[in-house]
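These notes are about the structure you will find just below.
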Amino acid sequence: MSEYILVAVAWPYASGPRHLGHVAGFGVPADIFARYQRMKGNRVLMISGTDEHGTPVTLAADKEGITPKQLVDRYNEVIGNDLYQLGLSYDLFTRTTTRNHYAVTQDLFKTLYERGYIIVQTTLGAFSASTGQALPDRYIEGTCPICGYSEARGDQCDNCGSQLDPTDLINPRSKVDGQPPVFRDSEHFFLDLPAFAAQLQAWLVQQEHWRPNVRSFSLNMLADLKARAITRDLEWGIPIPLPEYADRNDKKIYVWFDAVIGYLSASIEWAHNQGTPDAWREWWQNPSARHVYFMGKDNIVFHSIIWPSMLLGYGNGGTFGGGQGEPLHLPTNIVSSEFLTMEGKKFSSSRGIVIYVRDFLSRYDPDPLRYFLTIAGPENQDTDFTWAEFVRRNNEELVATWGNLVNRTLTNVYRNFGCVPQPGRLSDVDQGVLDEIAHGFTTVGELIDAARFQAAIKETMRLASLVNNYLSEQEPWRVIKTDRERAATILYVALRCVDNLKLMFTPFLPFSSQQLHAMLGYSGFIAGPLEFREYTESDGSTHRVLTGAYATWVGRWEPTDLPVGQALLQPAPLFKKLDESVVAEELARLEQA
RNA sequence: GCCGGGGUAGCUCAGCGGUUAGAGCGAUUGAUUCAUAAUCAAUAGGUCACGAGUUCAAAUCUCGUCCCCGGUACCA
């Protein structure tokens, strides 16, 4: 019985290229989960896109003297390429500047507004004296009234940690042009979060399967819930869908309000692109579907409080819901990761403590990166990326344990038989190792399903060691000198194990598993490939999306019947051993940046 | 400040009330040589941040202290 599973992946922000920390937090874990579920035969819809509105985009564009749209076009392409090269198997990776996304966002806004969940309040805002541009709190700096630190931000002082208001600062100035800001009243729309407090509470207490930090953090927030502004004084954003704002260019929907709606709008776009415009309902209006969200810990509140409130308020209503069927589905699980640091420090583009995904992949293969981010990534606590550790994990774990097992097995078989050998009678030891590997489909599968990816890949590696152990004990290279049939049996068993491990490694290491699949003499795509497609919307605008024909995958999450006699291809190493000098080279590169 | 998470072997991390606290790597010793000098086995290595408490039993629960990370509602 196949399940409907929505894999909702956090939307990378299109203000610049993304670094390793970003993909460690949401991309790789989500892809492992999605690939496993597809191999298992479930109906997976994995969606996301670039998040393209908001102040940082406009400021970055101003700095370069280009329009926000030009800037996000560039980074949508860069980020899309990164994700493609990493093999993240989105059913749809789109963007928030599509006509479809605007329409869905406006539908939610309008529906929530009509139902009284959006209210108007006046707040004091800061504006640039020269350009009139609104300045978010953190774009204002000045002297901290508490500790006297001269570079305190409008929201917080980094020196003493005090929470501040921009109006508290002594000698406030804009971080953009250094001029003192002008403060004036501004009318904004607020999402009435307290209206959902009771429903959220009832829902959250039931979510005992969530990682504890997500649940307790969210429950805690409920105690002191306030209405939250969902519009900004900004030109760049989705227009407020009310008649009196139709011609106004100074106030737009807040970027986070539209970003979370992306999960729904991307599902709707996917269905439309497939030519089955209502297919999104099979995930969103299906109470037995599972919705699993992946993100970094800084995004929790938007997914556990704000987005659920919006879904509760919308129900099945509005233009897209059509007032029919079940209310839209709330998150089933919110898988939040901790943070990856870089050589002991926080990632920081401005200070050059960063490795961009594209730079990394220009020099190294995607699977070693996916391996590192899974086995040593920030799943349960902050973890550190160091080049020394990356090289070590690559050489001494990935190459030595799994790569070597594949290479020694295939080389032995290829040289002596050329094809999958006919086994003789299996001994208890033979059957024992086959059974243990086959059992991995259960243990590894359960770990992945529970979002315990680190434990899952460790278990898979342990199984690979087991087969190395089996070969060491059985010594087929010695046996073959005296007993060819026994050697054939041993190698057949090892090859069956490798074939099954190949499948178990596929969610983690899709590229090398595909290579191995071919070397074992199989055809077809075990789990791939990804592709870009161009779509044109009704207004004639086009955009590129990342997608793939995943239904054609031949990889199944179950033991294989490796056909006796199947011809193998000439084996070649799956992974490259990295020279120790890589560490010094990369550290020097960081120094220069 | 407040809220949440974390501090465990040389390193990177699991474990989160129950036999003598685990893994991988590193170290030492031995075996092996089919394989990318890749493998396999054994040994050594820890007052589980610190202090107090609850309990028959604490790395695990409670309280306090110190340090690191995130959030703190106008960064996303």
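Just so you know, we're using this note's numbering here: the first sequence kicks off at 88 and counts up by one.
All residues carry an ideal CB built from backbone N, CA and C; glycine is no exception.
- Rounded to the nearest angstrom, the gap between the Cα atoms of V585 and V493 is 6 Å.
- DSSP places G408 within a helical segment (H, G or I) once states are collapsed to three.
- Every beta strand (DSSP E) of 3 residues or more that sits fully in the stretch 168-207 is shown, in chain order, as 179-182.
- The Cβ atoms of N163 and S352 lie no closer than 9 Å to each other.
- In this structure, the CA atom of A614 is about 15 Å from the CA atom of M606.
- Going by beta carbons, H140 and V342 fall inside the 9 Å limit.
- DSSP places I524 in the uninterrupted alpha helix (DSSP H) bounded by 515-536.
- The beta carbon of Y557 sits closer than 6 Å to the beta carbons of V520 from its chain, once the five residues preceding and following it are set aside; these are given in chain order.
- When secondary structure is reduced to three states using DSSP, Q372 falls in the coil class, being assigned neither helix nor strand.
- CA-to-CA, the gap between E624 and W367 works out to about 18 Å.
- For P326, the beta-bridge partners assigned by DSSP are K339.
- Apart from sequence neighbours up to five positions away, the residues of its chain that approach Q411 with a beta-carbon distance below 8 Å are N403, ordered along the chain.
- Counting the other Cβ atoms within 10 Å of the Cβ of K156 gives fewer than 16, which makes it exposed.
- When DSSP states are grouped into helix, strand and coil, P232 belongs to the coil group.
- Less than 9 Å separates the beta-carbon of Y443 from that of R105.
- Take the alpha-carbon of P99 and the one of V165: they are about 11 Å apart.
- For D118, no beta strand (DSSP E) encloses it; the enclosing alpha helix (DSSP H) starts and ends at 115-126.
- With fewer than 16 other Cβ atoms from the protein chains shown falling within 10 Å of its own Cβ, N258 counts as exposed.
- For the stretch 448-476, the full-length beta strand (DSSP E) segments reaching 3 residues or more read 470-472 along the chain.
- Less than 9 Å separates the beta-carbon of I119 from that of A543.
- Spatial neighbours of Q220 in its own chain (CB-CB distance under 7 Å, excluding positions within 5 residues in sequence) are listed in chain order as F214.
- Here the alpha carbon of I134 sits roughly 45 Å from the alpha carbon of F504.
- Take the alpha-carbon of E618 and the one of G167: they are about 11 Å apart.
- Of the residues L415, L534, Q561, R539, the one whose Cα lies closest to the Cα of D515 is Q561.
- Assignment of beta strand (DSSP E) within the stretch 208-269, counting only whole runs of 3 or more residues, yields 227-230, 257-261 in chain order.
- The C-beta distance from L132 to W370 rounds to 5 Å, short enough to meet the 8 Å contact threshold.
- Per the coordinates, the alpha-carbon of F477 lies some 49 Å from the alpha-carbon of I205.
- Boundaries of the alpha helix (DSSP H) around M548: 540-561.
- Taking C-beta separations shorter than 7 Å and ignoring five residues to either side along the sequence, the partners of W297 in its chain run N420, I421, following chain order.
- Counting only residues of its own chain and dropping the five nearest sequence neighbours on each side, L582 has a CB closer than 7 Å to the CB of T496, V500, V507, L649.
- Residue range 130-137 is occupied by the beta strand (DSSP E) that includes G136, with no alpha helix (DSSP H) assigned at that position.
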